[in-house]
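Q:
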Amino acid sequence: LKAKLWEIAEGKRKAEITGAKGEYKVASFGNQIRSYVLHPYKLVKDVRTEYETSDAESVLDGDLDGFIQAELKTLP
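Just so we're aligned: the sequence shown equals residues 2 to 77 in my numbering.
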């Protein structure tokens with residue numbers, strides 16, 4: 002009985018972890034998310050949302066608010 006209860010609890014825990022992680026995607030060449038062009042002009046473009054900015058320095062410094070807002074607009 003103890004083993005069965007442990008097995009049920011373990012199954013629930015694994016399902017919760019899988020739900021939190023979301024869909025698994027391999028990080029390979031064809032799965033590009035963002036393009037950074039720093040020379041001859043500066044541009045950062047998000048391939049998924051088509052959001053782009055010419056302020057590459059702030060993006061590299063961690064200012065991702067524009068990209069986050071663009072992604073949130075695409076959610077249902």
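Beta carbons are placed, not taken as given, at the ideal position from N, Cα and C, and that holds for glycine.
The structure displayed is predicted, hence computed values, not measured ones.
1) With 16 other CB atoms within 10 Å as the buried threshold, where does V48 fall?
2) Mapping the DSSP letters down to three states, classify E53 as helix, strand or coil.
3) Looking at the secondary structure, which residues open and close the alpha helix (DSSP H) in which K43 lies?
4) Closer than 8 Å to a non-hydrogen atom of the ligand HEM - does that hold for the CB of K74?
5) T75 to V38, Cα distance in whole Å?
A: Here's the rundown:
1) Under this definition V48 is an exposed residue.
2) Here E53 sits in strand by DSSP.
3) Per DSSP, K43 belongs to no alpha helix (DSSP H) and is neither H nor E.
4) Looking at this structure, you won't find the ligand HEM or any other ligand, since it has none at all.
5) T75 and V38 have their C-alpha atoms roughly 24 Å apart.
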